[in-house]
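**Student:** Numbering (the working numbering), first residue to last: 1 to 122.
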């Protein structure tokens, strides 16, 4: 992914902005964990994700599946987590509160503001 602009703000995740599409998520269902994590890392090119990030995203996928999330909702949640990760590592001066606020605003934007177009994550 390209570097984030300095003024990067939480945003609504339209279908074209999503990190992993619902169809990509479906392919993870039948794979063993290590293979799925490797594939997620590859999908995040041109800069493959650290395996720990890919493992986190896969764990979130499994958790969301068990919680009954729809694929669109899971796709948005994974995108929000990835954007939050990129926001956090973009600057060594970011505080935990700034990162948490970014994550929280992102969830709210994708839950409330764009109805009926939002995936209604919650």
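Note that beta-carbon positions come from the ideal geometry of N, C-alpha and C, so glycine has one too.
According to DSSP, simplified to helix, strand and coil, what is residue 9?
**Tutor:** For residue 9, the three-state secondary structure derived from DSSP is coil.
**Student:** In or out: residue 94 buried (at least 16 other Cβ within 10 Å) or exposed?
**Tutor:** Residue 94 is exposed by the Cβ-count criterion.
**Student:** For residue 30, does the count of other Cβ atoms within 10 angstroms reach 16, so buried, or fall short, so exposed?
**Tutor:** exposed
**Student:** Buried or exposed for residue 100, please, with buried defined as at least 16 other CB atoms from any protein chain shown within 10 angstroms of its CB.
**Tutor:** exposed
**Student:** By Cβ distance, which residues of its chain are closer than 7 Å to residue 75, with the 5 residues on each side in sequence left out?
**Tutor:** 18, 20, 21, 22 and 25
**Student:** Can the beta-carbon of residue 32 be found closer than 7 Å to that of residue 102?
**Tutor:** no
**Student:** So, at 7 Å on beta carbons, what are the nonlocal neighbours of residue 60 in its own chain, with the 5 sequence-adjacent residues on each side left out?
**Tutor:** The answer, listed in chain order, is 77, 78 and 81.
**Student:** Among residues of its own chain, excluding the 5 on either side of residue 58, which ones have a beta-carbon nearer than 6 Å to its beta-carbon?
**Tutor:** 36, 37 and 40
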